[in-house]
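Here the structure is laid out as structure tokens; the discussion comes afterwards.
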Amino acid sequence: MVSVFVCEDNPRYLEMLDKCVKDCILMEDYDMESALSTADPNDIIDYIKDNPVNGLYILDVELDNGDNGVELARQIRQYDPRGFIAFVTAHPHYIQKTFEYQVEAMAYIQKSDDEKLVCKKVAECMKNAYSKHISRAYATPFIFKSANGRTVSCEYGDILYFETDAQKGVKRILLHTKARQYTFYGTINELTATLPKGQFFRCHKSAIVNVGNLTEDGREDLMQGKDRMLMPNGTECPVSVRKRRDLLRVCQQ
Numbered sequence: 008m009v010s011v012f013v014c015e016d017n018p019r020y021l022e023m024l025d026k027c028v029k030d031c032i033l034m035e036d037y038d039m040e041s042a043l044s045t046a047d048p049n050d051i052i053d054y055i056k057d058n059p060v061n062g063l064y065i066l067d068v069e070l071d072n073g074d075n076g077v078e079l080a081r082q083i084r085q086y087d088p089r090g091f092i093a094f095v096t097a098h099p100h101y102i103q104k105t106f107e108y109q110v111e112a113m114a115y116i117q118k119s120d121d122e123k124l125v126c127k128k129v130a131e132c133m134k135n136a137y138s139k140h141i142s143r144a145y146a147t148p149f150i151f152k153s154a155n156g157r158t159v160s161c162e163y164g165d166i167l168y169f170e171t172d173a174q175k176g177v178k179r180i181l182l183h184t185k186a187r188q189y190t191f192y193g194t195i196n197e198l199t200a201t202l203p204k205g206q207f208f209r210c211h212k213s214a215i216v217n218v219g220n221l222t223e224d225g226r227e228d229l230m231q232g233k234d235r236m237l238m239p240n241g242t243e244c245p246v247s248v249r250k251r252r253d254l255l256r257v258c259q260q
């Protein structure tokens, strides 16, 4: 999950940015949360000191209380070195400070009286940050302990789908990869909460599929209304009637 933080000392702008963030999360169904919107930079530092996060920080460059949004970004880097930082400013020449502090900002949003334009820029920033977050998660190995007690590291790109091991009970999961099959203890509900959202889709009460590894034959199975779809290794992943249309929509994005 990506936690979004806003630091802005203008009350009107703070309220607007906070609303932009919450509306975007709701409309796009990102695995993100609006963690904190504040005028006090210390609130953000206190929060991330006590709560390790993957953060997106939308920061005013110049704060009226004398604090520097770029200095805040430098402090954030101490606790969340991989966090995404975007600066909001009414004075473009202040952007030079961000290079001097080497905080690696991903976006610069210029303040404007046109709220729709500002919110559009915030939404673009959030989309970019979320895409990068998913890419990072996708590149991280899925590590688990197999049913025989061996620790296994499996690249997400090699995973085809997970399904409940019906023969052994709901507390065991079958993991189908491109090369082989593994069994480990757990539940589909637990997996749903931990796998990278956007890459994996709960297609059945007993199965989660890797959307990136669906074949043309598998998509054809979905369009024909079948209750199972062919996977690259020749096995078939179950799909429910209720989830079929949503999965097709995800595949087309």
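For the sequence shown, the working numbering gives the first residue as 8, with consecutive numbering after it. A virtual CB, placed ideally from N, CA and C, is assigned to each residue, including glycine. Quick caveat, the model's predicted, so the values are computed rather than measured.
Out of curiosity, what's the CA-to-CA distance linking residue i and residue j?
| i | j | result |
| --- | --- | --- |
| Lys56 | Gln85 | 9 angstroms |
| Ala114 | Cys132 | 7 angstroms |
| Asp30 | Asp36 | 10 angstroms |
| Gln259 | Asn49 | 43 angstroms |
| Lys212 | Gln82 | 44 angstroms |
| Lys134 | Val9 | 11 angstroms |
| Ser119 | Ile92 | 19 angstroms |
| Ile195 | Asp53 | 35 angstroms |
| Asp234 | Tyr20 | 49 angstroms |
| Ser247 | Cys210 | 6 angstroms |
| Pro239 | Gly219 | 11 angstroms |
| Tyr192 | Leu202 | 16 angstroms |
| Glu243 | Asp165 | 16 angstroms |
| Phe12 | Phe207 | 26 angstroms |
| Gly76 | Glu111 | 13 angstroms |
| Val159 | Ile180 | 14 angstroms |
| Leu79 | Asp87 | 12 angstroms |
| Arg256 | Glu69 | 42 angstroms |
| Ala136 | Leu237 | 33 angstroms |
| Asn155 | Gln174 | 17 angstroms |
| Leu254 | Thr45 | 38 angstroms |
Buried or exposed: where does residue i fall if 16 or more other Cβ atoms within 10 Å of its Cβ makes it buried?
| i | result |
| --- | --- |
| Phe106 | Any reading at Phe106 must be qualified, since the residue scores a pLDDT of 48, below 50, and its modelled position is unreliable; the value itself is stated next. The residue is exposed, with fewer than 16 neighbouring Cβ atoms inside 10 Å. |
| Lys204 | buried |
| Gln231 | exposed |
| Ala186 | exposed |
| Ala146 | exposed |
| Met34 | exposed |
| Glu22 | exposed |
| Gly90 | buried |
| Arg251 | buried |
| Asp228 | buried |
Let me check understanding here. Comparing Cα to Cα, which of the options lies closest to residue i?
| i | options | result |
| --- | --- | --- |
| Asp172 | Gly164, Leu182, Cys27 | Leu182 |
| Arg14 | Cys27, Ile52, Asn58, Asp67 | Here the sequence assigns Cys to residue 14, which means Arg is not the residue at that position. Selected option, being the one with the closest Cα: Asp67. |
| Thr199 | Leu229, Ile215, Asp165, His140 | Ile215 |
| Met39 | Ala97, His140, Asp121, Cys126 | His140 |
| Thr184 | Gly241, Lys250, Val129 | Gly241 |
| Ser138 | Arg179, Asn61, Phe94 | Asn61 |
| Pro245 | Ile150, Phe169, Lys26 | Phe169 |
| Val125 | Pro148, Thr190, Thr96 | Thr96 |
| Ala144 | Tyr163, Tyr64, Val77, Ala112 | Tyr163 |
| Val117 | Leu237, Asp228, Phe94 | The question names Val, yet the displayed sequence has Gln at residue 117. Looking at the Cα atoms, Phe94 is the closest of the given residues. |
| Lys128 | Phe151, Ile65, Val159, Gly156 | Ile65 |
| Ile150 | Tyr189, Ile32, Cys27, Val257 | Tyr189 |
| Leu167 | Ile51, Leu24, Gly225, Gln174 | Gly225 |
| Ser41 | Ser153, Gly156, Asp25 | Asp25 |
| Leu28 | Leu43, Asn17, Asp16 | Note that residue 28 corresponds to Val in the displayed sequence, not to Leu. That would be Leu43, whose Cα lies nearest to the Cα of Val28. |
Just reading off the beta strand (DSSP E) that residue i is part of, what are its end residues?
| i | result |
| --- | --- |
| Tyr189 | 188-192 |
| Lys43 | The identity of residue 43 in the sequence shown is Leu, whereas the question assumes Lys. Element bounds for Leu43: 39-45. |
| Gly225 | Run containing Gly225: none in the beta strand (DSSP E); it sits in the alpha helix (DSSP H), 223-230. |
| Pro245 | 243-245 |
| Arg157 | Unbroken run through Arg157: none, as it is neither H nor E. |
| Tyr64 | 62-67 |
| Met23 | Taken as a continuous stretch (DSSP letters only), Met23 belongs to no beta strand (DSSP E), being part of the alpha helix (DSSP H) at 18-35. |
Check for me: the alpha helix (DSSP H) holding residue i runs from which residue to which?
| i | result |
| --- | --- |
| Ala200 | 195-201 |
| Arg251 | 248-258 |
| Glu170 | Element bounds for Glu170: not the alpha helix (DSSP H) but the beta strand (DSSP E), 166-171. |
| Ala97 | Careful: Ala97 lies outside any alpha helix (DSSP H) and carries neither H nor E. |
| Arg84 | 76-86 |
Using a Cβ-Cβ cut-off of 8 angstroms, state whether residue i counts as contacting chain B.
| i | result |
| --- | --- |
| Ser247 | Reference to chain B is not applicable here, since this structure consists of a single protein chain. |
Give, in chain order, every unbroken run of the alpha helix (DSSP H) that is at least 4 residues long and sits entirely within the segment 105-151.
Listed in chain order, the alpha helix (DSSP H) runs fully inside the segment 105-151 are 122-146, counting runs of at least 4 residues.
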